[in-house]
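Heads up, the thing below is written out as structure tokens.
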Amino acid sequence: MKKLIFLLALYAGSLYQSQTNRFIYELQSRKETSEEYRKTFMNLDISPKSVKFYDTKFAEYDSINKARNQEISHYSTKTDQVIERAPNSFQNKWYRDFFEYFVVKTNDEMKWKVLQETQEYNGYKLQKATTDFGGRTWDAWFSNEVNIKEGPYKFRGLPGLIFILEDADKNFTYKLVSNKKLDINYDTHQFVETHYGKPAIPISNKKFNTYVEDIYENPTRMLSEGIKNGQKATFKNESIESIEELNKKRGMLQNGIKNRYIYIEKDKEPIFKSN
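Take 1 as the starting number for the sequence shown in full-length UniProt numbering and just add one per residue.
What follows is the structure in structure tokens.
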């Protein structure tokens with residue numbers, strides 16, 4: 001952890017002279033307090049022209065592909081939290097992967113209340129701030145020793161880097177665990193701006209939700225067309241050759257669609273009607 005402390009102190013004075021500064025957060029998320037947490041590591045990449053937040057696995061798969069000099073390994077977000085914005089901006093591009101690849105432009109300016117409460121974290125003095133965002137109340141712990149006004153996902157605008165962030169119910173918790181300086185302006189074009197060459201389709205959040213809700217209502221539609229044309233469908237390594245067999249999987253498909261993501265913004269999530 002001494003390495004983290006040293007590098008953060010270094011970055012504080014030289015952020016915009018370097019190419020990409022990567023801060024890695026551990027995200028623990030759950031739908032309800034009774035559930036087990038899902039754990040995911042997330043990258044916050046800060047460079048002179050952009051701020052990007054995405055699943056760390058994307059960068060890991062990207063490294064494999066670059067080492068092999070070809071696209072072999074693909075990865076899809078497990079969090080629905082792929083974000084791009086300009087530095088010092090609340091205007092986000094929110095990339096959404098759900099069979100097709102979409103981008104939702106959002107204005108996410110937050111009003112923070114900075115409190116006097118402090119705590120120590122890995123050698124840093126952190127100060128508490130609160131805000132309401134996405135239908136949840138959030139507590140952030142930031143350090144003004146690190147002059148970077150950014151944080152995980154869409155959270156930013158405090159007088160220092162956000163080290164810890166959690167909602168009031170602790171269904172989402174982010175903790176800064178490591179960081180590194182990259183000598184290059186890290187290229188995310190294959191997995192942020194596009195999904196392995198598939199361009200992002202501009203869409204509103206309302207239309208995106210309608211799209212997801214329609215798939216949920218008729219989850220076998222896309223697979224059934226292939227079966228009608230004599231093709232086989234595969235579901236969990238099981239070969240399906242008839243519409244009758246496919247219809248038996250309807251409930252399982254719906255459950256997979258409903259639970260694919262834990263939506264961080266409760267006031268923007270799709271509504272799945274019970275059958």
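Glycine included, C-beta positions come from ideal geometry on N, C-alpha and C.
Here the structure is a predicted model, which is why all the values come from computation and not from measurement.
**Q.** Counted within 10 angstroms of its Cβ, other Cβ atoms place residue 42 as buried (16 or more) or exposed
**A.** Under this definition residue 42 is a buried residue.
(Q) Per the DSSP calculation, residue 96 is bridged to which residue(s)? (A) 102
Q | Per-residue DSSP class, three states only, for residue 267 | A | helix
Q) Helix, strand or coil: how does DSSP classify residue 187 here? A) coil
Q.
Distance check for residue 33 and residue 188, CA to CA, integer angstroms please.
A. Approximately 34 Å between the Cα atoms of the pair.
Q. Is the beta carbon of residue 47 less than 7 Å from the beta carbon of residue 172?
A. no
**Q.** residue 184 burial status per 10 Å Cβ neighbour count (16 or more: buried)
**A.** exposed
(Q) Closest to residue 124 by C-alpha separation, out of 176, 69, 44 and 212, would be which residue? (A) When only C-alpha atoms are compared, the closest one is 176.
(Q) Can you check which of these residues, 88, 152, 254 and 226, is closest to residue 241 by C-alpha distance? (A) 226
Q. From residue 121 to residue 163, what does the alpha carbon distance come to, in whole angstroms?
A. 8 Å
Q. Count the other CB atoms within 10 Å of the CB of residue 151; is the residue buried (16 or more) or exposed (fewer)?
A. buried
Q. Apart from the five residues just before and just after residue 263, which ones in its own chain have a Cβ nearer than 7 Å to its Cβ?
A. 80 and 269
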